[in-house]
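*Asks:*
In this note's numbering, the protein residues as written are 102 to 608.
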């Protein structure tokens, strides 16, 4: 049984409810007023035999239209249409049968914005990759003459998929309509699918269930693409790196939160060689801080000159002020991938950890009596702790670095402003992601303190700096080019200032 988001009562989840789902065929009848008769307005006889149920529409002239369902396993249904005598009632040249399917999606999840953005109509053109209607706005796709393999109506974690079994669908038209936030339902999905109207029947198959990767992959029809892991390199990372790794961890770790912690430790362990180089570079810069402090007094009225002299000292002692960026850059693809992974993976739906009740949605540790624009009316504790730990880590690093290397003094304050800005963005993100970011920060702080206090030898660094200073210097390199650019910038500024002075004298 599938469960809704009401965890306390475990209410059954209805994906195809009569009042919100219209699934009917427009039978081609030449004598009908509009040339078709919708089956949704007709009464079928029902017959059940074991795991098979048949709905039969019997005509007075001996014609018959039959829908047959056979229950399978893993949310599968064999589905077959049978008809007799309908071909002679259809207008001449009719070779397609139109299926009209309208679905109003319920609001099931805590984060309605996520749910809305991950709900749409998917379809697969024969011999091509799956595609979909826009998730964020009203959209329509017209493929009335294009062979199709399957069509899916999908919300964030569940899908109803109709697959062609013997021959492709002849085409389709698909529409999505985003409903108002105050509306009872989330979205309106609509599909018109054209089936071959030949012979005496047509075989199809249903998948109605969770968007679980292994279930969908087993169809070998690219159904797994309806899971919104992303279509760029981040989607590839999610499908073939993060997903298998999480499944491996969850095979022997019961808690999904602990699995996130272990994933964090694995990533940090793999990046530690680069992290060590970053911390070693920072320690070199900290050792030069007394020398750089004297430049502030000497060139306090000439920031450009002070910056140029700072770069000269770094070059003299072989220090790269940008040497600490690589570990952060290498982690960014993982962050972007996890941004899509947690709200798309059904195993995190309603999975609790600490105070979070659903790792696929935000953790609402506190509710505010009012709504803050761009923030919301809840407080994500994972996000708040991440922001506080980021500020603390930034303050620690800045105490051991010379900020004049950044050139613009405002960069010093931007270091503190960024966590505050992201506090607003991350407050509505999946708690699995903000939990990972918090664990990542705590691990960063621990790595930094242990490495700088117990692994890096400060005396050795001083000796290394002095030894490098005595070496003959090679011309060229990034720092030399940066220093030349600073000199050129200083020259242009001096010329502009001289031009302004001459202009004032003429006046």
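Glycine included, every Cβ here is placed at the ideal spot set by N, Cα and C. Values in this document were obtained by computation on a predicted structure and should not be read as measured data.
How would you label residue 262, buried or exposed, when you count the other beta carbons within 10 angstroms and need 16 or more for buried?
*Replies:* Within the chain shown, numbered from 1, the residue matching residue 262 stands at position 161. It counts as buried.
*Asks:* For residue 530, which option in 212, 294 and 327 has the closest C-alpha, if you only look at C-alpha atoms?
*Replies:* As a first step, residue 530 must be located in the chain shown, where it is residue number 429. The shortest C-alpha separation from residue 530 is found at 212.
*Asks:* Can you have a look at residue 415 and say buried or exposed, based on whether 16 or more other CB atoms are within 10 angstroms of its CB?
*Replies:* Here residue 415 corresponds to residue number 314 of the chain shown, with the count starting at 1. Residue 415 is buried by the Cβ-count criterion.
*Asks:* CB residue 126 to CB residue 187, shorter than 8 Å?
*Replies:* The sequence position of residue 126 within the chain shown is 25, counting from 1. The sequence position of residue 187 within the chain shown is 86, counting from 1. Not a contact, by the Cβ cut-off of 8 Å.
*Asks:* Compare the C-alpha of residue 242 against each of 224, 259 and 258 and name the closest.
*Replies:* Indexing the chain shown from 1 puts residue 242 at position 141. Checked all of 224, 259 and 258; the closest Cα to residue 242 is 224.
*Asks:* What separation, rounded to the nearest whole angstrom, lies between the Cα atoms of residue 392 and residue 572?
*Replies:* In the chain shown, residue 392 corresponds to position 291, counting from 1. In the chain shown, residue 572 corresponds to position 471, counting from 1. Approximately 19 Å between the Cα atoms of the pair.
*Asks:* Taking the beta carbon of residue 555 as the centre, do at least 16 other beta carbons fall within 10 Å, making it buried, or is it exposed?
*Replies:* Position 454 of the chain shown, counted from the start, is the residue given in the question as residue 555. Exposed is the call here.
*Asks:* Helix, strand or coil: how does DSSP classify residue 183 here?
*Replies:* In the chain shown, the residue the question calls residue 183 occupies position 82. Looking at residue 183 - three-state DSSP - the assignment turns out to be strand.
*Asks:* Measure the alpha-carbon distance for residue 168 versus residue 446 and round it to whole angstroms.
*Replies:* Taking the chain shown and counting its residues from 1, one reaches residue 168 at position 67. Taking the chain shown and counting its residues from 1, one reaches residue 446 at position 345. Distance between the alpha carbons of residue 168 and residue 446 is about 34 Å.
*Asks:* To the nearest angstrom, how far is the alpha carbon of residue 103 from that of residue 260?
*Replies:* Residue numbering aside, residue 103 sits at position 2 when the chain shown is read from its first letter. Residue numbering aside, residue 260 sits at position 159 when the chain shown is read from its first letter. Note that residue 103 scores a pLDDT of 45, beneath 50, so its modelled location is shaky; the value from the coordinates is reported in the next line. Taking the straight line from one Cα to the other gives about 12 Å.
*Asks:* Would you check if the distance between the CB atom of residue 219 and the CB atom of residue 444 is smaller than 8 Å?
*Replies:* In the chain shown, the residue the question calls residue 219 occupies position 118. In the chain shown, the residue the question calls residue 444 occupies position 343. Contact: yes.
*Asks:* What does residue 384 pair with, by DSSP beta-bridge criteria?
*Replies:* Locating residue 384 in the chain shown gives position 283, counting from the first residue. Partner(s): none; residue 384 has no beta bridge.
*Asks:* With 16 as the cutoff for other CB atoms within 10 Å, does residue 341 come out buried or exposed?
*Replies:* As a first step, residue 341 is located in the chain shown; it is residue number 240 there, counting from the start. With fewer than 16 Cβ atoms within 10 Å of its Cβ, residue 341 is classed as exposed.
*Asks:* Once DSSP output is grouped into helix, strand and coil, what is the label at residue 294?
*Replies:* Position 193 of the chain shown, counted from the start, is the residue given in the question as residue 294. Correct three-state label for residue 294: strand.
*Asks:* Can you tell which of 325, 471, 162 and 551 has its C-alpha closest to the C-alpha of residue 251?
*Replies:* By one-based count along the chain shown, residue 251 stands at place 150. For the residues 325, 471, 162 and 551, the minimum Cα distance to residue 251 belongs to 325.
*Asks:* Thinking just about the alpha-carbon of each residue, which of 135, 373, 134 and 162 is nearest to the one in residue 546?
*Replies:* For the purposes of this step, residue 546 is taken as residue 445 along the chain shown, with counting starting at 1. The shortest Cα separation from residue 546 among 135, 373, 134 and 162 belongs to 373.
*Asks:* Quick one, which of 532, 284, 124 and 604 has its alpha-carbon nearest residue 202's?
*Replies:* As a position in the chain shown, residue 202 is number 101, starting the count at 1. Selected option, being the one with the closest Cα: 124.
*Asks:* Which of helix, strand or coil does DSSP assign to residue 494?
*Replies:* Position 393 of the chain shown, counted from the start, is the residue given in the question as residue 494. Residue state, collapsed to three classes: helix.
*Asks:* From the DSSP output, which residues share a beta bridge with residue 470?
*Replies:* The sequence position of residue 470 within the chain shown is 369, counting from 1. None, per the DSSP bridge assignment.
*Asks:* Quick check on the DSSP output: what are the complete alpha helix (DSSP H) runs of length 4 or more inside the region 309-387, in order along the chain?
*Replies:* You should have 314-318, 334-338 and 344-351.
*Asks:* Among the candidates 227, 457, 439 and 170, whose CA atom is the shortest distance from the CA of residue 323?
*Replies:* By one-based count along the chain shown, residue 323 stands at place 222. Ranking 227, 457, 439 and 170 by Cα distance to residue 323 puts 227 first.
*Asks:* At a cut-off of 7 Å, is residue 490 close to the ligand COA when judged by its beta-carbon and the heavy atoms of the ligand?
*Replies:* Looking at this structure, you won't find the ligand COA or any other ligand, since it has none at all.
*Asks:* Going along the chain, which residues of its own chain have a beta-carbon closer than 6 Å to the beta-carbon of residue 469, five neighbours each way excluded?
*Replies:* Walking along the chain shown from the start, residue 469 turns up at place 368. Same-chain partners within the cutoff: 478.
*Asks:* Terminal residues of the continuous alpha helix (DSSP H) containing residue 547?
*Replies:* In the chain shown, counting from the first residue as 1, residue 547 sits at position 446. That run of the alpha helix (DSSP H) goes 532-551.
*Asks:* Going straight from the alpha carbon of residue 485 to that of residue 528, what length do you get?
*Replies:* To locate residue 485, count along the chain shown from 1; it is residue 384. To locate residue 528, count along the chain shown from 1; it is residue 427. Each residue's alpha carbon lies about 8 Å from the other.
*Asks:* What is the C-beta distance between residue 493 and residue 481, in whole angstroms, given that I count them as a contact (C-beta under 8 Å)?
*Replies:* In the chain shown, counting from the first residue as 1, residue 493 sits at position 392. In the chain shown, counting from the first residue as 1, residue 481 sits at position 380. 18 Å between Cβ atoms; not a contact.
*Asks:* Going by Cα to Cα distance, which pick from 369, 335 and 150 is closest to residue 434?
*Replies:* The residue given as residue 434 occupies position 333 in the chain shown. Taking only the C-alpha atoms, the option nearest residue 434 is 335.
*Asks:* Would you report the Cα separation of residue 131 and residue 239, rounded to the nearest angstrom?
*Replies:* The count along the chain shown starts at 1 and reaches residue 131 at position 30. The count along the chain shown starts at 1 and reaches residue 239 at position 138. Cα to Cα, residue 131 sits roughly 34 Å from residue 239.
*Asks:* Would the beta-carbon of residue 460 fall within 8 Å of that of residue 532?
*Replies:* Taking the chain shown and counting its residues from 1, the one referred to as residue 460 is at position 359. Taking the chain shown and counting its residues from 1, the one referred to as residue 532 is at position 431. Yes, the Cβ-Cβ distance between residue 460 and residue 532 is below 8 Å.
*Asks:* Determine contact between the region 351-361 and the region 265-272, defined as no fewer than three beta-carbon pairs at a distance below 8 Å.
*Replies:* The region 351-361, when compared against the region 265-272, does not touch it at the 8 Å Cβ threshold.
*Asks:* For residue 310, is the classification buried or exposed, using 16 other Cβ atoms within 10 angstroms of its Cβ as the cut-off for buried?
*Replies:* In the chain shown, counting from the first residue as 1, residue 310 sits at position 209. The residue in question, residue 310, is buried, as its Cβ has 16 or more Cβ neighbours within 10 Å.
*Asks:* Residue 218 lies in the beta strand (DSSP E); which residues open and close that run?
*Replies:* What you label residue 218 is simply residue 117 of the chain shown in a count that begins at 1. Careful: residue 218 lies outside any beta strand (DSSP E), inside the alpha helix (DSSP H) at 213-218.
*Asks:* Put residue 222 into one of helix, strand or coil per three-state DSSP.
*Replies:* Sequence index remark: in the chain shown, residue 222 carries index 121 (1-based). Correct three-state label for residue 222: strand.
*Asks:* Judging by CA-CA distance, which residue of 205, 245, 136 and 319 is the nearest neighbour of residue 177?
*Replies:* Within the chain shown, the letter at position 76 stands for residue 177. Of 205, 245, 136 and 319, the residue nearest in Cα terms is 319.
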